[in-house]
Ligand code: ZN
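Residue numbers (our numbering): 1 to 249.
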């Protein structure tokens, strides 16, 4: 069986990333759904670590794009802007070039990878069922993987046959860690965030995907939050970037 490590929203948190890579064990490929940098204190180290992972496919997140100058900063809040400017100063020109070269969307035979949504890869948050339903028309593969919200979730588009007319609707569930589920067509699934979880569970989140049987296993792993907080404060980054890690938002 092929084991694919699915990562998203690492956000310069090297401690969380290393813990996840250790916890995942041997994998055949790595799919990264964007936002390697931003918020966290070690963007450079995270970028180099991710760029050298075996079998990497990585799409571009909004923070990655902002650091390259592709996006106007007005759309970010003040603290995010500070962290984007700080992050840019940590990176070399070739680091920025690597981020700039990331695709917004990758469509393979069975699966689509993107950061925000298939309709608007860089910006759109999939947080309500209406928006999710509309997005099922914007990719053609059985499954689409997204990040961006930092919340692990599975959306499935199903058909309801009632009174002779077909009606599609979206069902959703929060997968439990370490309980593999099968991704049935058509699904949109989010592995959560490695470096800044926002579902009030402070543990780093990631997933292992097995394409042969479409099995998706969400995982959560504890890492040294204190160490990251100290690095954030020592770097002079906004203290909220440190405090939110221990609250999971
Ligand atoms: Zn993010």
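Positions of the beta carbon are idealized from the N, C-alpha and C atoms, including for glycine. Everything numeric in this text was worked out from a predicted model, so none of it was measured.
Worksheet item: Straight-line CA distance for residue 74 to residue 90?
Response: If you number the chain shown from 1, residue 74 lands on position 74. If you number the chain shown from 1, residue 90 lands on position 90. Residue 74 and residue 90: Cα-Cα distance of roughly 21 angstroms.
Item to complete: Measuring alpha carbon to alpha carbon, tell me which of 208, 101, 193 ends up nearest residue 202.
Response: Taking the chain shown and counting its residues from 1, the one referred to as residue 202 is at position 202. Residue 202 has its Cα closest to that of 193, out of 208, 101, 193.
Worksheet entry | Helix, strand or coil at residue 133 according to DSSP, with G and I counted as helix | By one-based count along the chain shown, residue 133 stands at place 133. Correct three-state label for residue 133: helix.
Worksheet item: Less than 9 angstroms separating the beta-carbons of residue 16 and residue 228?
Response: Within the chain shown, numbered from 1, the residue matching residue 16 stands at position 16. Within the chain shown, numbered from 1, the residue matching residue 228 stands at position 228. The criterion of a C-beta distance shorter than 9 angstroms is satisfied by residue 16 and residue 228.
Worksheet entry | Rounded C-alpha distance that separates residue 101 from residue 13 | The residue labelled residue 101 in the question sits at position 101 within the chain shown. The residue labelled residue 13 in the question sits at position 13 within the chain shown. Taking the straight line from one Cα to the other gives about 22 angstroms.
Practice prompt. Leaving out five residues on either side along the sequence, give the residues of the same chain with a beta carbon under 6 angstroms from the beta carbon of residue 241.
Written response: Within the chain shown, the letter at position 241 stands for residue 241. Excluding sequence neighbours, residue 241 sits near 39, 232.
Worksheet item: In the DSSP assignment, what are the bridge partners of residue 156?
Response: Sequence index remark: in the chain shown, residue 156 carries index 156 (1-based). DSSP lists 171, 187 as partners of residue 156.
Worksheet item: So residue 47 is in the alpha helix (DSSP H); what residue range does that whole segment cover?
Response: For this step, residue 47 is matched to residue 47 along the chain shown. Looking at the DSSP string, the run of the alpha helix (DSSP H) that includes residue 47 is 43–51.
Discussion item. Going by DSSP, what residue range makes up the beta strand (DSSP E) through residue 113?
Written reply: The residue labelled residue 113 in the question sits at position 113 within the chain shown. Segment 111–114, the beta strand (DSSP E) holding residue 113.
Item to complete: Less than 8 angstroms between the CB atoms is what I'm expecting for residue 158 and residue 168, so what's the real figure, rounded?
Response: Stepping through the chain shown from its first residue, residue 158 is reached at position 158. Stepping through the chain shown from its first residue, residue 168 is reached at position 168. Indeed, because the Cβ distance is near 7 angstroms, the residues count as touching under 8 angstroms.
Worksheet item: Skipping 5 residues on each side, what residues in its chain have a beta carbon closer than 7 angstroms to that of residue 95?
Response: Position 95 of the chain shown, counting from 1, holds the residue named residue 95. Around residue 95: 44, 47.
Fill in: Coarse secondary structure for residue 107, derived from DSSP in three states
Within the chain shown, numbered from 1, the residue matching residue 107 stands at position 107. Three-state DSSP puts residue 107 in a strand.
Discussion item. Buried or exposed for residue 93, going by 16 or more other Cβ atoms inside 10 Å?
Written reply: Walking along the chain shown from the start, residue 93 turns up at place 93. The residue in question, residue 93, is exposed, as its Cβ has fewer than 16 Cβ neighbours within 10 Å.
Discussion item. Going by DSSP in three states, residue 209 sits in which element: helix, strand or coil?
Written reply: In the chain shown, counting from the first residue as 1, residue 209 sits at position 209. Residue 209 falls in the strand class under three-state DSSP.
Discussion item. Under 8 angstroms: does the beta carbon of residue 252 sit that close to some heavy atom of ligand 1?
Written reply: Absent from the model: residue 252. The displayed extent of the chain is 1 to 249, so no value can be given.
Fill in: First through last residue of the beta strand (DSSP E) which encompasses residue 31
Within the chain shown, residue 31 is the residue found at index 31, counting from 1. Counting along the chain, the beta strand (DSSP E) containing residue 31 begins and ends at 29–32.
Discussion item. Check this for me: beta carbons of residue 113 and residue 145, under 9 angstroms apart or not?
Written reply: Counting from 1 along the chain shown, the entry for residue 113 is found at position 113. Counting from 1 along the chain shown, the entry for residue 145 is found at position 145. Result yes, Cβ atoms of residue 113 and residue 145 sit closer than 9 angstroms.
Practice prompt. Compute the beta-carbon to beta-carbon distance between residue 219 and residue 178, rounded to the nearest angstrom, for a pair I have assumed lies under 8 angstroms.
Written response: Here residue 219 refers to the residue found at position 219 of the chain shown. Here residue 178 refers to the residue found at position 178 of the chain shown. 7 angstroms between Cβ atoms; contact.
Worksheet item: Heavy atom of ligand 1 less than 8 angstroms from the Cβ of residue 199, yes or no?
Response: Position 199 of the chain shown, counted from the first residue, corresponds to residue 199. Incorrect: residue 199 has no Cβ contact closer than 8 angstroms to ligand 1.
Practice prompt. Let me know the secondary structure DSSP gives residue 204 once reduced to three states.
Written response: By one-based count along the chain shown, residue 204 stands at place 204. Here residue 204 sits in strand by DSSP.
Practice prompt. Please say whether residue 8 and residue 35 have beta carbons closer to each other than 9 angstroms?
Written response: On the chain shown, residue 35 is found 35 positions in, with the first residue counted as 1. On the chain shown, residue 8 is found 8 positions in, with the first residue counted as 1. In contact: residue 35 and residue 8 (Cβ atoms closer than 9 angstroms).
Fill in: Bridge partner(s) assigned by DSSP for residue 13
Within the chain shown, the letter at position 13 stands for residue 13. Residue pairing by DSSP leaves residue 13 without any beta bridge partner.
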